[in-house]
Every structure is written in C-alpha cells, then in structure tokens.
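Notes to accompany the following structure.
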Amino acid sequence: MPCSDAMITEVVSARPDDTVADVLALFDKHGIRAVPVVDEKGYLVGVFNFVHLLTNILPVPVTLDNGLFRLRNMDISLDHISGTTPWVAKRLKIILPKKVEEVMIKNPRSVKPQTPLREGIRLMVKHGSPLPVVRDDSNFLVGIISSQTAVKALLAIEKDMEDGKEVNE
Numbered sequence: 006m007p008c009s010d011a012m013i014t015e016v017v018s019a020r021p022d023d024t025v026a027d028v029l030a031l032f033d034k035h036g037i038r039a040v041p042v043v044d045e046k047g048y049l050v051g052v053f054n055f056v057h058l059l060t061n062i063l064p065v066p067v068t069l070d071n072g073l074f075r076l077r078n079m080d081i082s083l084d085h086i087s088g089t090t091p092w093v094a095k096r097l098k099i100i101l102p103k104k105v106e107e108v109m110i111k112n113p114r115s116v117k118p119q120t121p122l123r124e125g126i127r128l129m130v131k132h133g134s135p136l137p138v139v140r141d142d143s144n145f146l147v148g149i150i151s152s153q154t155a156v157k158a159l160l161a162i163e164k165d166m167e168d169g170k171e172v173n174e
C-alpha cells in the first residue's frame, strides 16, 4: 500500500512569512497540531508544530547538544529549575510575532505518494507526525499522512484480508 492511500489532500498549510501567532490561530481554528510550510507556489519549505514551538521556548541548556532528544528518552523532572515557568511564558510571548520561517523545521522529512506506507510509518515514528507527501523530486506538497490516517489505512487492509480480498504491497 502506498502512502497516497493514507494521504490527506486538503491540507491546512502556513506560509514562511506567517507569524507564529497566525499559525497558532490556524491550529485552534482547525483542531490541528502541525502544518507544512509552503512557499507561494506550493513547494514544501518546512514544518511547524507544537513540539517544535515548545522546543524553541525551553531554557537553552535543556535543548543544547541534543538534550531534548535525551529528555524525551529519559524520565527527568525539570522541577529543580525553579522559577522558570514565567520565563518560558515570556519566551512564548517573544516568539509569537516572529515569522514561522525563523522557527520552523527546515528541510523536513517527506515521502512521495508511491512510497510504501510502512516506510511512511517508520519515518513518522522516528521523526514525528504528520509527514508531508511531495510530488516527485520537485518538493511540491500534494498532501500529508498522519498517524491517524496511517492506522485507518492499516485497518482497511485488515478488513480486506478478513473479507478474503487480495492485498498488494
């Protein structure tokens, strides 16, 4: 099954010159937690999500030297850094008027529509969801796959197998 079978084609996206506040309003309006960032012609230039936003407002020592990766994989409390919550809130206020291109994930992982879904799932597990789907090598955004759409596609395969239908890779 190709990624195109799990792809959402009506995608809410942001532009590089949108502000972080603008994108947070999109998140709220559409009930989403991430957006691909595309240029004026629809080419993928980045991804912006809540995790990346929070990474940008945490105290720098927490995220230096791949510290955030280590924190995700360890059960560490940051309670010993007392008094930082107001500081983090101030950092958010500072970031809100910034352009998304200043804080987005540049050159994000992406897949082609014909990429096997299992590879798309592997990339989402490793790098996070959603995963942009781009046309050929042009980087033109044609959709996204999310963990929810991937599971829905897998359930459809399971149902087809139960019904005795042939399932192709």
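Residues are numbered in the numbering used here as their position in the sequence shown, beginning at 1, plus a constant of 5. A virtual CB, placed ideally from N, CA and C, is assigned to each residue, including glycine.
Cβ-Cβ distances below 7 Å link Val139 to Leu49, Ser115, Lys117, Phe145, Leu146, Val147 in the same chain, with the five nearest sequence neighbours on each side left out; the list follows chain order. Annotated three-state conformation of Ile99 is helix, per DSSP. Residue environment for Val172: exposed (fewer than 16 other C-beta atoms within 10 angstroms of its C-beta). In the three-state reduction of the DSSP assignment, Asn61 falls in the helix class, which pools H, G and I. Of the candidates Ser9, Gln153, Phe53, Leu160, Phe53 places its Cα closest to the Cα of Leu101.
Pro91 has its alpha-carbon roughly 30 Å from the corresponding atom of Pro135. Two segments are said to touch when three or more pairs of C-beta atoms, one from each, lie closer than 8 Å; by this definition the stretch 54-61 does not touch the stretch 118-130. Burial state of Thr154 is buried, judged by a 10 Å Cβ sphere holding 16 or more other Cβ atoms. Contact between Gly51 and Ile110 holds: CB atoms are separated by about 6 Å, below the 8 Å threshold. The beta carbon of Pro7 lies closer than 8 Å to those of Pro118, Gln119, Thr120, Pro121, Leu122 in the same chain, with the five residues before and after it left out. For Gly125, there is no enclosing beta strand (DSSP E); the residue is found in the alpha helix (DSSP H) stretching over 122-132.
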